[in-house]
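*Asks:* Please find one structure pasted underneath; my questions will follow.
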Amino acid sequence: DGTRDAVQLLADGKYNGVIESNPRFGPLAFETAQKFYNGEAIAEDVIIEDKEYTPDNAESELPNAF
26 DGTRDAVQLL ADGKYNGVIE SNPRFGPLAF ETAQKFYNGE AIAEDVIIED KEYTPDNAES
86 ELPNAF
């Protein structure tokens, strides 16, 4: 997963690519569940944005990695 150490290894040329699964999915999941239990309309698809790190963006994106 796209930890800061993995992105650093990518920037160092030791990895070819890293995908970061968004660790902030929990609050959205619980918010969506609460809406469901309250009988509120919820979207058919709830999308969490993941991040892709590549050799081209690893160094500049390193501060944003978890």
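First residue of the sequence shown: 26, per our numbering; consecutive thereafter.
Beta carbons: idealized from backbone N, C-alpha and C, even for Gly.
Where Phe55 and Arg49 are concerned, what is the direct C-alpha to C-alpha distance, given to the nearest angstrom?
*Replies:* Looking at the two C-alpha atoms, the distance is approximately 11 Å.
*Asks:* Three or more beta-carbon pairs under 8 Å between the stretch 26–38 and the stretch 73–81, yes or no?
*Replies:* Taking 8 Å as the limit for Cβ pairs, the verdict is that the stretch 73–81 does touch the stretch 26–38.
*Asks:* What's the call for Val43, buried or exposed, on a 16-neighbour Cβ count within 10 Å?
*Replies:* Burial call: buried.
*Asks:* Bridge partners of Glu84, per DSSP?
*Replies:* Answer is none; Glu84 lacks a bridge partner.
*Asks:* For the putative contact between Lys60 and Ile67, defined by C-beta atoms under 8 Å, what is the C-beta separation to the nearest angstrom?
*Replies:* Indeed, because the Cβ distance is near 5 Å, the residues count as touching under 8 Å.
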